[in-house]
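**Q** 94 is the number of the first residue of the sequence shown in this note's numbering; add one for each residue after it.
No residue lacks a Cβ here, since even glycine has one placed at the ideal position from N, Cα and C.
None of the values given here were measured: they were computed from a predicted structure.
Below are the C-alpha cells for one structure; questions will follow.
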Amino acid sequence: MMQPPTPSRTADSDPSRRGLDASPARRAELQANLERVRDRIAAATSAAGRDDAPTLVVVTKFFPVTDLVALADLGVVDVGENREQELVEKVDALRAERPDLIVSPRRHFIGQIQSKKARRIARHADVVQSLDRLKLVPLLDAGAADRENPLDIFVQVALERDGSGRGGAQEAELHEVAAAVEQAPHLRLCGLMAVAPLGEEPAAAFSRLAHVRQDFLANFPQATSLSAGMSGDLEDAVKIGATHLRVGSAILGSRPLAG
Ligand SMILES: *Cc1c(COP(=O)(O)O)cnc(C)c1O
C-alpha cells in the first residue's frame with residue numbers, strides 16, 4: 094500500500110521561522126515583481142536569439158533580511174549586497190534563524206570595497222563582483238582561506254571615460270588584476286562586471302563593454318561570465334551577452350536616495 098505523502102513544512106507552519114517572515118502582502122508584492130522581471134528576462138533572451146538564460150541576481154541592499162528570506166522562499170538563488178556591514182548583519186540573522194539559507198541563495202557582493210573591509214567581505218560573500226584594484230587581491234584571498242570552495246571573483250571594469258563615477262578598473266589595469274586573481278589560491282576568476290554610467294545610453298556603454306570583454310577573453314578564456322544590466326537596462330545587457338543581471342528596484346521597489 095502507498096503511504097500518504099508527508100506534508101511539507103512551510104514557513105507558515107514552522108514557528109521557528111516566524112521571526113524572519115515578511116508579511117503576506119509583501120510576499121505577494123515580491124512574487125508579482127519577480128514574475129514581471131523574469132518575464133522581461135525571458136523576452137529579452139529570446140529576442141536576442143540566445144538559448145542560455147542569464148542568471149538573475151536580486152539586489153536586496155537597503156531592504157530587510159525578511160525580504161531576502163521571502164525571495165529565497167520564492168526560488169531566488171542569487172542575491173546581491175553592496176555594503177559590508179549590511180551583508181554581515183544579514184548573514185548573522187540567517188545563521189541564527191534560517192541556517193538553511195546560508196548555502197543558497199548565493200551572496201554576491203557588488204559594492205565598492207574598502208581595503209580594511211575586504212577580508213570580512215570575503216568571509217561573508219560567495220561571489221565578489223566588484224574587485225577593481227590589485228591591492229585587494231591578497232586581502233580577499235586571505236579572507237577566503239577558510240572557505241570550502243574558492244571565492245568567485247568578477248573584475249569590475251569602469252565604463253566612464255574620465256575615470257570618475259561608480260568604481261571599476263580602467264581597461265589597462267584589467268589584465269594585471271585578473272592575472273593576480275588567477276594566481277591566488279583561494280580565488281576563482283569568473284569574468285567581468287560593469288555598471289552603465291549615468292548620462293549615457295546604456296547600449297553605447299555596453300557596446301564598449303562587449304569589446305573590452307572580447308580582448309579579455311583572449312587572455313582569460315575560462316572567465317566567460319559577464320555581469321551587466323540592472324532594472325533599467327537589463328534588455329541592453331542581455332543583447333550584448335550578459336550572463337548575470339543585477340536587479341534591485343524592479344523587484345524590491347525604490348530605495349532611499351542614498352542607494
Ligand atoms: C544597486 C545596484 C544594482 C541594482 O540597481 P537597480 O537599478 O535597483 O536594479 C545593480 N548593480 C549595482 C552595482 C548596484 O549597486
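For ligand 1, is there a heavy atom less than 6 Å away from the beta-carbon of G341?
**A** Here residue 341 corresponds to residue number 248 of the sequence shown, with the count starting at 1. Yes, the Cβ of G341 comes within 6 Å of a heavy atom of ligand 1.
**Q** Does DSSP put S320 in a helix, in a strand, or in coil?
**A** One-based indexing of the sequence shown puts residue 320 at position 227. Residue state, collapsed to three classes: strand.
**Q** Just mark K228 as buried or exposed, buried being the case when its beta carbon has 16 or more other beta carbons within 10 Å.
**A** Position 135 of the sequence shown, counted from the first residue, corresponds to residue 228. When all chains shown are included, K228 counts as exposed.
**Q** Rounding to the nearest angstrom, what Cα-Cα distance links F313 and R133 in this structure?
**A** Along the sequence shown, read from residue 1 onward, the residue named residue 313 stands at position 220. Along the sequence shown, read from residue 1 onward, the residue named residue 133 stands at position 40. One C-alpha to the other measures close to 31 Å.
**Q** For a test of your reading of the model: does the CB of N242 fall under 6 Å from any non-hydrogen atom of ligand 1? Yes or no.
**A** On the sequence shown, residue 242 is found 149 positions in, with the first residue counted as 1. No, the beta carbon of N242 sits no closer than 6 Å to any heavy atom of ligand 1.
**Q** Between which two residues does the alpha helix (DSSP H) holding S139 run?
**A** Taking the first residue of the sequence shown as position 1, residue 139 is located at position 46. Taken as a continuous stretch (DSSP letters only), the alpha helix (DSSP H) holding S139 covers P117 to A140.
**Q** Please determine, among S347, R339, A237 and A343, the residue with the shortest C-alpha to C-alpha distance to G204.
**A** Taking the first residue of the sequence shown as 1, we reach residue 204 at position 111. Considering only alpha carbons, the answer is R339.
**Q** Measuring from the CB of I333, is there a heavy atom of ligand 1 at a distance below 6 Å?
**A** Position 240 of the sequence shown holds residue 333. Outside the cutoff, so no.
**Q** Does the beta-carbon distance from D171 to V150 come in below 7 Å?
**A** Mapped onto the sequence shown, residue 171 falls at position 78. Mapped onto the sequence shown, residue 150 falls at position 57. Contact flag set, yes.
**Q** Given this structure, state the Cα-to-Cα distance separating A135 from D326, to the nearest angstrom.
**A** As a position in the sequence shown, residue 135 is number 42, starting the count at 1. As a position in the sequence shown, residue 326 is number 233, starting the count at 1. Their backbone Cα atoms lie some 14 Å apart in a straight line.
**Q** Where R216 and L285 are concerned, what is the direct C-alpha to C-alpha distance, given to the nearest angstrom?
**A** The residue given as residue 216 occupies position 123 in the sequence shown. The residue given as residue 285 occupies position 192 in the sequence shown. If I take the Cα positions, the gap works out to 21 Å.
**Q** So, under 8 Å CB-CB, E177 and R213 are touching, yes? Tell me the CB distance rounded to an integer number of Å.
**A** By 1-based counting over the sequence shown, the position of residue 177 is 84. By 1-based counting over the sequence shown, the position of residue 213 is 120. About 6 Å; that satisfies the 8 Å criterion.
**Q** Going by beta carbon distance, what residues of the same chain come within less than 7 Å of R306, once the five residues before and after it are set aside?
**A** Here residue 306 corresponds to residue number 213 of the sequence shown, with the count starting at 1. L285 and L319, listed in sequence order.
**Q** Give every residue of the same chain whose Cβ lies closer than 6 Å to the Cβ of D234, excluding the five residues on either side of it in the sequence, and list them in chain order.
**A** The residue labelled residue 234 in the question sits at position 141 within the sequence shown. Answer for D234: A277, H279 and L280, listed in chain order.
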